[in-house]
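>
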Amino acid sequence: MIESPPRRGDSLMKKKRYQAEQIVQILQEAERGEMTIGDVCRRYEMSEATFYRWRRVYGDMKVPEVKRLRELEQENARLKRIVAERDLEIDAMKEVLSKKW
0 MIESPPRRGD SLMKKKRYQA EQIVQILQEA ERGEMTIGDV CRRYEMSEAT FYRWRRVYGD
60 MKVPEVKRLR ELEQENARLK RIVAERDLEI DAMKEVLSKK W
């Protein structure tokens, strides 16, 4: 079970950001039906709109699927950076080759 964040009255309270794995666990906790969605939202100090947005985004995903999704997103970002660097190199080479000597 995920530890609930500190109460708003506590000092140094920051806006809580949840990892994707935590979000999936919170959604699963709500789906078990032990608490209402409102109770889950109060426990984790979030709005019901946030809960429903998470449910729309993460749907029926399990924790391993979320980890794999994050890995794929990171790989995709890395590959996009590589392609952008190659495009810059190609543009620079074209510019050099287009000059008349």
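The sequence shown: position 44 = 43 (numbering that gives the first Met the number 0), numbered continuously. Note that beta-carbon positions come from the ideal geometry of N, C-alpha and C, so glycine has one too.
(1) Just mark Ala29 as buried or exposed, buried being the case when its beta carbon has 16 or more other beta carbons within 10 Å.
(2) In three-state DSSP terms, what is Met60?
(3) Which value, in whole angstroms, describes the spacing of the CA atoms of Met92 and Gln21?
(4) Cutting at 7 Å between CB atoms, please list the residues of its own chain near Glu84, excluding the five before and the five after it.
(5) Going straight from the alpha carbon of Arg52 to that of Glu72, what length do you get?
(6) How far does the alpha helix (DSSP H) with Arg42 in it extend, from its first residue to its last?
(7) Our contact map puts Arg54 next to Leu96 with C-beta atoms below 8 Å; I'd like the distance itself, whole angstroms only.
(8) Report the three-state DSSP secondary structure of Ser97 (helix, strand or coil).
(9) Please go through the same chain and pick out, in chain order, the residues whose beta-carbon is closer than 7 Å to the beta-carbon of Ser10, but skip the five residues on each side of it.
Per the coordinate set shown:
(1) The count along the sequence shown starts at 1 and reaches residue 29 at position 30. Buried: at least 16 other Cβ atoms inside 10 Å.
(2) Taking the sequence shown and counting its residues from 1, the one referred to as residue 60 is at position 61. Coil at Met60, not helix or strand.
(3) For the purposes of this step, residue 92 is taken as the residue at position 93 of the sequence shown. For the purposes of this step, residue 21 is taken as the residue at position 22 of the sequence shown. The straight-line gap from Cα to Cα measures roughly 47 Å.
(4) Translated into the one-based positions of the sequence shown, residue 84 becomes position 85. Here the set comprises nothing.
(5) Within the sequence shown, numbered from 1, the residue matching residue 52 stands at position 53. Within the sequence shown, numbered from 1, the residue matching residue 72 stands at position 73. One C-alpha to the other measures close to 19 Å.
(6) Residue mapping note: residue 42 aligns to position 43 of the sequence shown, counting from 1. That run of the alpha helix (DSSP H) goes Ile36 to Arg42.
(7) Your numbering for residue 54 matches position 55 in the sequence shown. Your numbering for residue 96 matches position 97 in the sequence shown. Actually they do not touch by this definition, with Cβ atoms about 54 Å apart.
(8) Working through the sequence shown from its first residue, we reach residue 97 at position 98. Reduced to three states, the DSSP call for Ser97 is helix.
(9) As a working mapping, residue 10 is identified with position 11 in the sequence shown. With a pLDDT of only 42 at Ser10, under the threshold of 50, the placement of this residue in the model should not be trusted; the figure read from the coordinates follows. Cβ neighbours of Ser10 beyond the five flanking positions: none.
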